[in-house]
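Counting in the numbering used here, the sequence shown tops out at residue 433, every number present.
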Amino acid sequence: MPRSEEDWSDSEESLNEQDEEGYTSVHLGVPSDRIEDESDLHDAYVSRIGGTPAFLGYPHPPLDFSKCKICKEPAELLVQILCNLEESPFERVLYVWGCSKATCQKKDGVIRAWRYLRFDPKYAKKLGRKEKQKSKIQEPKVATKINSQTQAASNPFSASSSNPFSSGVAGSGFGFGDEIMGFAQSSKMLQPKADKKIKEEKADFESNSESEISDDEEIENGKSDVAGLSVRLQATSLGPSIDWTKQPQYIPFYLDTESEYLAPTMQPKQESSSIKEKGAGRSSGGEEWGKELWENSQNIDDIFLYFTTRLGSRPKQCLRYEIDGAPLFYQEDAIYRSLHSIPAGTSVPVTGAAFVATSAAPRRTYNPSGSTILPKCPGCSSTRRFECQLMPNLINMLKRDKQSSNTEESQMEWGTCLVYTCPKNCCQEDSNAGHEELKECWREEKVLVQWED
């Protein structure tokens, strides 16, 4: 199960380090070359635009998963995303299908998203080792406390240290940070018994680290075999399965990912009131764009203007990914209003020489938990969280092959499609089966579509 830094991830640590440079916590999915390699077409680890879906295991899901709820016909794959979660032992793939028929547009059920999970025992063991080692690092040590009192005044890596390889004191923990930064000599202040214990723990940690590296190498070595094995499996009969190559499809393209970058000229001015935080909630958009509340304007075009302005930073983006973030709204419609709430009490400004009081536009905050159009996860009853959204340029990329029997152009008319998924990433039986966790499962998630007016 390949897991790399290029995988879709909800980890915010690396992104936050780039905030000062103009990067946000949003991943952008941008189209790349056409997928022509047969092994990549059948490789579920390859994120894509269009084409046919690739699956991690057999049997394949039923064709009903892709059917439009309006015309009941199989829809085309819009995107497939490998989006493993760093803290989850499951491999995770998100599939989004969409019907392109004009008669089906602007109706609920024309765009469908499914989440597939498969338990990965090797990664589960790795998570277990990390958690165990984390507990060891955080264990209080008498010797550490003594050393902290004597060194805290002069050592910047003491009580307030953020060094993950220490327990807050120079020379304590495993000493890696101290050795690198030139503070290794402080370890002489430790008691002999404590020093021996730390050396043993350091050796144990290094042993575990070597084991993890070995696992990573094993994973990487096995990655090259996945594609070939997948192709061979496609040609075999392993129980009931669907020939997805015979279903309607678009030309497949690789979906690359990059961090969203906002140039300094795009940062909103503090005094600007026309587009000041007009359509998103919290973290979507970086330091300036995501932490303030959005004011509800009487001009509906303000939100669309913000949408297009933000889109201008990377016009080719086909997908925005920020798990548990806030979407970039297309316009102020029923979906926008349902996902926002107005806090109790609004200010009343006084204007003009005669001190005429006028009603202020209420300030709205992004609050999906209070939405009446966002159903809870049927498996665990949790409020779904935003994960990703499809952008207008995706429609431009959805082209049919000239050799296809169906050469009709897409009639999709949406501005953006917001995909909300289970925050617990649940994979369990129905409630009447005792909530037993499964080793793999398919779960349909909720798609909210903001249609073009």
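Note that the Cβ used here is the ideal one computed from N, Cα and C, for glycine as well. Remember, predicted model here, so these are calculated numbers, not experimental data.
Ignore the nearest five residues each way along the sequence and tell me which others in residue i's own chain have a CB closer than 7 Å to its CB.
i	result
Leu418	Cys407, Gln408, Glu409
Pro33	Leu57, Gln60, Tyr75, Trp224
His320	Arg344, Thr345, Tyr346, Asn347
Lys379	Tyr230, Ile231
Ser264	In this prediction, Ser264 has a pLDDT of 45, which is less than 50 and means its spatial position is unreliable; what the coordinates show is noted afterwards. If we look at Ser264 and ignore the five residues flanking it on each side, its Cβ neighbours are Val6, Gly270, Glu302, Gly305, Ala306, Pro307, Leu308.
Ala82	Gln391
Ser281	Checking the sequence shown, residue 281 turns out to be Asp, not Ser. So the list is empty, once near-sequence residues are dropped.
Give me the Cβ distance between residue i and residue j, rounded to the nearest whole Å; I'm assuming they're in contact under 8 Å.
i	j	result
Val10	Ile50	No, Val10 and Ile50 are not in contact; Cβ-Cβ is about 30 Å, not under 8 Å.
Gln369	Ser80	About 18 Å separates the two Cβ atoms, so there is no contact after all.
Are residue i and residue j touching if we call contact CB-CB under 8 Å?
i	j	result
Tyr301	Ile15	no
Glu312	Ile353	no
Phe45	Trp422	yes
Glu416	Trp94	no
His40	Ile222	yes
Gly2	Leu242	yes
Glu420	Gly37	yes
Gly31	Tyr230	yes
Ser293	Ser318	no
Leu398	Pro295	no
Mark residue i as exposed unless 16 or more other C-beta atoms lie within 10 angstroms of its C-beta, in which case mark it buried.
i	result
Thr396	buried
Gly259	Bear in mind that the predicted position of Gly259 carries a pLDDT of just 46, short of 50, making it unreliable; the figure below should be weighed with that in mind. Burial call: buried.
Asp100	buried
Tyr25	buried
Lys102	exposed
Lys52	exposed
Ser134	Legend: pLDDT at Ser134 = 43, less than 50; position of this residue unreliable, value from coordinates given subsequently. The residue is exposed, with fewer than 16 neighbouring Cβ atoms inside 10 Å.
Lys382	exposed
So, for residue i: in the same chain, excluding its five sequence neighbours on each side, which residues have a beta-carbon less than 8 Å away from its beta-carbon?
i	result
Ser362	Lys356, Cys402, Pro403, Lys404, Cys406
Cys298	Gly9, Val10, Pro11, Ile29, Val59, Leu235, Leu370, Met371, Asn373, Leu374, Met377
Thr237	Glu(-14), Trp(-12), His7, Leu8, Gly9, Val10, Ser27, Tyr301
Tyr400	Pro348, Leu354, Arg364, Arg365, Phe366, Glu367, Glu425, Lys426, Val427, Leu428
Pro232	Arg14, Ile15, Leu21, Arg28, Ile29, Gly30, Gly31, Thr32
Leu107	Glu67, Pro69
Ala104	Pro69
Pro244	Gly2
Pro42	Ile222
Ala314	Ile353
Glu111	none
Ordered along the chain, which non-local residues of its own chain (more than five positions away) have a Cβ less than 6 Å from that of residue i?
i	result
Glu240	Thr4, Val6, Leu8
Gln227	Pro54
Tyr310	Phe287, Gly395, Thr396, Gln430
Gln85	Glu393
Tyr96	Val73, Trp422
Glu432	Glu393, Gly395
Lys87	Ile50
Cys48	Ala55, Cys79, Cys84, Val90
Phe35	Ala24
Arg92	Trp77
Lys360	The sequence given here places Cys at residue 360; Lys does not occur at that position. Lys404, Cys406.
Report yes or no: is there a C-beta of chain C within less than 8 Å of the C-beta of residue i?
i	result
Arg92	Although the question refers to chain C, the structure presented lacks it and comprises just one protein chain.
| task | Kindly provide the ranges of any alpha helix (DSSP H) runs that are 4 or more residues long and lie completely inside the stretch 69 to 125, ordered along the chain. | result | 101 to 118
| said: Ignoring anything shorter than 4 residues, give me the alpha helix (DSSP H) runs that lie fully in the stretch -3 to 29, in order along the chain. | reply: 18 to 21
| task | Counting only runs of 4+ residues fully inside the stretch 347 to 381, write out the alpha helix (DSSP H) ranges in chain order. | result | 373 to 377
| message | Extract the residue ranges of the alpha helix (DSSP H) inside the stretch 281 to 311, only unbroken runs of 4 or more that lie entirely within it. | response | 281 to 291
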